[in-house]
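Notes follow once the structure below has been shown.
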Amino acid sequence: MSDLPTDRALEALLAAPESDRVERKASFRGDTPRMIRQAICAMANDLPDSRQTGVIFVGVHDDGAPSGLEITDELLRRLSDMRTDGQLVPPPTLTVQRRILRDEPIAVLFVEPSDSPPVRHRGRIWVRIGPRRAIAGPQDERILNEKRRYRDPHFDSRPVPGASLSDLNLRWFEDEYLPRALDPETLEANDRSLVERLAAGRMILSAQEPRPTLTGVLVLGRQPQRFVAGAYAQFLRVSGGDDGEIADAMRCEGRLEDVVRRMEDKFASHNRTAVDFTSARLERRRHTYPPAAFKQVLRNAVLHRTYEGTSAYIRVCWFPDRLEILSPGGPFGIVTPETFGQPGLVDYRNPSLAEAMRVLGLAQRFGLGITTARRALRDNGSPEPEFETDANWVRCVLRPAPPLRSRSSR
5 MSDLPTDRAL EALLAAPESD RVERKASFRG DTPRMIRQAI CAMANDLPDS
55 RQTGVIFVGV HDDGAPSGLE ITDELLRRLS DMRTDGQLVP PPTLTVQRRI
105 LRDEPIAVLF VEPSDSPPVR HRGRIWVRIG PRRAIAGPQD ERILNEKRRY
155 RDPHFDSRPV PGASLSDLNL RWFEDEYLPR ALDPETLEAN DRSLVERLAA
205 GRMILSAQEP RPTLTGVLVL GRQPQRFVAG AYAQFLRVSG GDDGEIADAM
255 RCEGRLEDVV RRMEDKFASH NRTAVDFTSA RLERRRHTYP PAAFKQVLRN
305 AVLHRTYEGT SAYIRVCWFP DRLEILSPGG PFGIVTPETF GQPGLVDYRN
355 PSLAEAMRVL GLAQRFGLGI TTARRALRDN GSPEPEFETD ANWVRCVLRP
405 APPLRSRSSR
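Structure representation (structure tokens):
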């Protein structure tokens with residue numbers, strides 16, 4: 005990230021006309037939050053290729069004068085949450101600060117140009133042309149896709165050796181994926197070819213070089229494991245102690261969505277629910293492991309694992325006293341072993357995969373998976389999750405909930 009502008013530089017921007025780098029909002033009412041998200045999207049896409057930080061002032065009029073908006077901690081939190089609430093994908097690099105400008109507190113959003121454009125807001129690609137926001141046209145999309153091709157450092161956007169378009173299920177992409185990825189108006193536009201849509205969805209390197217990316221193979225591949233050996237999840241149910249007999253096993257393969265759904269179905273077939281009819285007016289239910297917690301941990305493992313330089317797979321082991329989920333790849337980026345699991349703290353080893361998982365309904369809000377899992381465990385009366393991290397893996401351990409004093413049923 006570039007150095008953020010000083011107060012003096014920001015006051016100069018307040019006095020200057022709005023441009024592709026500057027936007028002002030007087031309030032946070034009505035349609036303003038949506039318009040701010042569109043501005044974030046446009047600045048992150050950086051169509052003019054200025055490679056400079058975009059600035060959005062909240063609490064100033066069009067002429068740069070403070071509007072008197074109260075800059076509360078709640079307002080700053082809501083602005084910060086725009087990065088990870090699932091409406092902007094892939095999540096942009098965004099910093100929110102309270103600054104004193106012209107002797108008044110102002111909320112300032114700093115938006116960094118994305119290394120992985122195009123960024124979308126609710127399925128639409130917004131760009132900024134001078135002070136005006138607009139939905140990207142086909143040529144704008146081509147420019148943004150080319151920028152990503154040359155600037156994106158992430159492994160999930162690189163081409164997979166040996167894979168070609170014939171290895172992707174293109175009919176499923178058109179019939180199932182696109183209607184979930186794009187808003188209806190964009191979908192109805194007929195001026196984008198199939199390869200251009202694949203490039204916009206990060207499934208191929210570019211329209212000019214239609215080689216499937218890792219994301220394309222994982223999401224659309226007919227046989228993903230043929231090209232990515234560790235792109236599956238293994239379930240094991242072990243009876244007795246750690247060295248006990250394997251009571252059940254299943255290898256969950258296929259497209260990314262199939263891997264996740266099959267593992268969740270396998271987990272559900274072993275999970276049990278106790279029902280207490282007697283100790284309170286309303287019945288109480290307690291799962292051995294709350295499904296919502298398992299789903300969040302599993303999907304986090306799929307999203308944040310590494311596929312680079314390894315054939316390791318995700319492993320789910322059900323022991324008599326615990327459930328373990330082991331994911332290849334340690335903490336990434338700003339997430340360290342010391343900060344792992346802190347609410348809202350998130351970085352993306354696989355930003356293109358994050359976008360695809362959001363489209364597939366496997367991720368809604370980013371950076372809150374562990375927080376959601378902890379809440380589900382507490383509501384179920386279960387112990388807190390245990391996390392172990394290493395440079396090469398992350399292990400999550402869930403402990404079973406204590407039994408209810410009641411008869412049980414499924």
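Numbered according to the numbering used here, the sequence shown spans residues 5 to 414. Where is the CB? At the ideal position from N, CA and C, for every residue including glycine. Small disclaimer: the values here were computed from a predicted structure and weren't measured.
Cβ pair residue i, residue j closer than 9 Å
i, j, result
"Glu268", "Pro295", "yes"
"Arg201", "Thr219", "no"
"Leu51", "Ile139", "no"
"Gly58", "Arg25", "yes"
"Asp160", "Asn396", "no"
"Gly234", "Thr314", "yes"
"His291", "Trp322", "no"
"Glu108", "Pro70", "yes"
"Ser210", "Asn149", "yes"
"Val223", "Leu408", "no"
"Tyr293", "Pro183", "no"
"Ala30", "Leu73", "yes"
Per-residue burial, residue i [other beta carbons within 10 Å of its own, 16 or more giving buried]
i, result
"Gln212", "exposed"
"Arg152", "buried"
"Glu359", "buried"
"Glu261", "buried"
"Thr310", "buried"
"Ala251", "exposed"
"Ser243", "exposed"
"Arg12", "exposed"
"Pro406", "exposed"
"Gly337", "exposed"
"Arg241", "buried"
"Ser356", "buried"
"Gly34", "exposed"
"Gln300", "buried"
"Glu189", "exposed"
"Glu145", "buried"
"Ala272", "exposed"
Option nearest residue i by Cα separation, candidates the options
i, options, result
"Pro165", "Pro216, Asp187 and Gly205", "Pro216"
"Leu364", "Arg303, Ser386 and Gly313", "Arg303"
"Arg28", "Val123, Ser120, Arg137 and Arg196", "Arg137"
"Lys270", "Leu98, Ser243, Glu261 and Cys256", "Cys256"
"Arg103", "Pro96, Ser161 and Ala111", "Ala111"
"Pro341", "Leu366, Thr393, Leu330 and Leu357", "Thr393"
"Tyr352", "Glu150, Leu307, Arg162 and Phe239", "Leu307"
"Arg168", "Val221, Asp195, Asp383 and Leu79", "Before going further, note that residue 168 is Ser rather than Arg in the sequence given. Cα-wise, what sits closest to Ser168 is Val221."
"Leu105", "Phe61, Asp66 and Asn49", "Phe61"
"Ser120", "Arg126, Pro142, Val100 and Leu92", "Leu92"
"His125", "Pro37, Ala203, Phe177 and Leu73", "Pro37"
"Ala377", "Pro389, Gly245 and Ala316", "Pro389"
"Phe114", "Arg319, Thr97, Pro142 and Trp130", "Thr97"
"Glu249", "Asp7, Gln229, Gln238 and Pro324", "Pro324"
"Ala46", "Arg399, Ile374, Pro94 and Arg382", "Pro94"
"Leu186", "Leu17, Gly127, Glu22 and Pro332", "Gly127"
"Val64", "Leu18, Gln238, Ser197 and Phe344", "Leu18"
"Asp171", "Tyr181, Asp195 and Ile208", "Ile208"
"Arg319", "Pro122, Phe239 and Asp53", "Phe239"
"Ser54", "Phe344, Thr88, Ser331 and Val131", "Val131"
As assigned by DSSP and simplified to three states, the class of residue i
i, result
"Ser71", "coil"
"Ser31", "coil"
"Asp252", "strand"
"Gln238", "strand"
"His158", "coil"
"Val401", "strand"
"Glu359", "helix"
"Arg12", "helix"
"Pro163", "strand"
"Leu366", "coil"
"Leu408", "coil"
"Glu390", "strand"
"Thr88", "coil"
"Arg25", "coil"
"Glu108", "strand"
"Thr277", "strand"
"Thr376", "helix"
"Arg103", "strand"
"Leu186", "coil"
"Arg196", "coil"
"Val289", "Correcting the residue identity first, residue 289 is Arg in this sequence and not Val. Correct three-state label for Arg289: strand."
CB contact below 9 Å: residue i versus chain D
i, result
"Asn354", "Looking for chain D here will not work: only one protein chain is present."
Fully enclosed by the stretch 299-352, which beta strand (DSSP E) runs are 3 residues long or longer?
318-323 and 326-332
Every unbroken alpha helix (DSSP H) within the stretch 110-152, with a cutoff of 4 residues, ordered by chain
none
Return the chain-ordered ranges of every alpha helix (DSSP H) run that is complete within the stretch 36-60 and spans a minimum of 4 residues.
36-49
Threshold first: 4 residues or longer. Then list the alpha helix (DSSP H) segments lying entirely within the stretch 200-247, N to C.
218-224 and 228-231
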